[in-house]
């Protein structure tokens, strides 16, 4: 039932001129870390920081547009980001445990804590990050579904930005290709001379950006509340991730191979399960119309008094 897919890279697949130079390709960065004195500035971490900052900023704008209080998303994001980073790393370590533990480990166990070396999974980030946001929403008396729908496009845009960290780390590339946008990978990162690879980081970045805009349009065109827009994000992301994941040759689940089940990689199975779950949620909640709280009643009353009765309604009935 389980199978091993080796990292085969047939040579001679790069488009070359008569001189042997590539006619077209995407180069990989020669450096992924810079130093200011003795302080390292890592491109991978920088991409994630930019993604988080943009996501919070954009979500704040969307939250205010639906009547929420200023600063709410920023406060909720703190536990969400902390829990999300922990979850993202946990999923990576659990699914790639052989990299750090066991007789064939290629890294010391303590390096499982080195998130700057790569290995932050969106699956774990959403799962545990959602727990952090749920706790924050519960403490503030807000509807989690309203917050989830608000941040859904921001998550997609954030992923589009964060994926460029994989480019700097020369990781998560796909199988060999002759396409003119093939990606160059150094031998130190598993590449072979004269071979180009599918830039799966770029495919996913473009897919995520397009998904973000699609979610904004869907939110304006249809009444997608109570977590339905977030479910649409999950369905859209996993749909794209499934076929992009199929192009990858990095050894998820193993040291020098990818562990597969019935010919599919671990993350492809995760995509299938979450895609089905999102569709089920969309169907089950299609007629849901209960109230959603976007401003705690206590804050609404205070704002109502300060603004002479002009505060926004803290309840959304959809």
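In the numbering used here, the protein residues as written are 42 to 359. For glycine and all other residues, C-beta sits at the position ideal for the given N, C-alpha and C.
Output the distance between the C-alpha atoms of residue i and residue j, rounded to the nearest integer angstrom.
{"i": "residue 69", "j": "residue 232", "result": "11 Å"}
{"i": "residue 62", "j": "residue 229", "result": "The predicted position of residue 62 is uncertain, since its pLDDT is 46 and thus under 50; a value taken from the coordinates is nonetheless stated next. Taking the straight line joining both Cα atoms gives about 20 Å."}
{"i": "residue 308", "j": "residue 161", "result": "13 Å"}
{"i": "residue 282", "j": "residue 179", "result": "31 Å"}
{"i": "residue 187", "j": "residue 244", "result": "30 Å"}
{"i": "residue 222", "j": "residue 247", "result": "14 Å"}
{"i": "residue 211", "j": "residue 271", "result": "30 Å"}
{"i": "residue 90", "j": "residue 321", "result": "33 Å"}
{"i": "residue 198", "j": "residue 316", "result": "19 Å"}
Within this structure, are the beta carbons of residue i and residue j separated by less than 8 Å?
{"i": "residue 176", "j": "residue 120", "result": "yes"}
{"i": "residue 239", "j": "residue 288", "result": "yes"}
{"i": "residue 237", "j": "residue 225", "result": "yes"}
{"i": "residue 129", "j": "residue 97", "result": "no"}
{"i": "residue 191", "j": "residue 269", "result": "no"}
{"i": "residue 274", "j": "residue 146", "result": "no"}
{"i": "residue 201", "j": "residue 260", "result": "no"}
Hey, is residue i's beta-carbon within less than 8 Å of any beta-carbon in chain D?
{"i": "residue 302", "result": "Among the chains in the structure shown there is no chain D, since it carries only a single protein chain."}
For residue i, which residues does DSSP report across the bridge?
{"i": "residue 75", "result": "82"}
{"i": "residue 289", "result": "215"}
So for residue i, helix, strand or coil by DSSP?
{"i": "residue 296", "result": "The predicted model places residue 296 with a pLDDT of 48, which falls under 50 and marks its position as unreliable; any figure quoted below should be read in that light. Coil at residue 296, not helix or strand."}
{"i": "residue 67", "result": "strand"}
{"i": "residue 361", "result": "In the structure as shown, the chain starts at 42 and stops at 359, and residue 361 therefore has no counterpart that could be examined."}
{"i": "residue 221", "result": "coil"}
{"i": "residue 107", "result": "coil"}
{"i": "residue 149", "result": "coil"}
{"i": "residue 226", "result": "coil"}
Within 10 Å of its beta-carbon, does residue i have 16 or more other beta-carbons around it, so buried, or fewer, so exposed?
{"i": "residue 328", "result": "exposed"}
{"i": "residue 302", "result": "exposed"}
{"i": "residue 266", "result": "buried"}
{"i": "residue 78", "result": "exposed"}
{"i": "residue 71", "result": "exposed"}
{"i": "residue 249", "result": "buried"}
{"i": "residue 234", "result": "exposed"}
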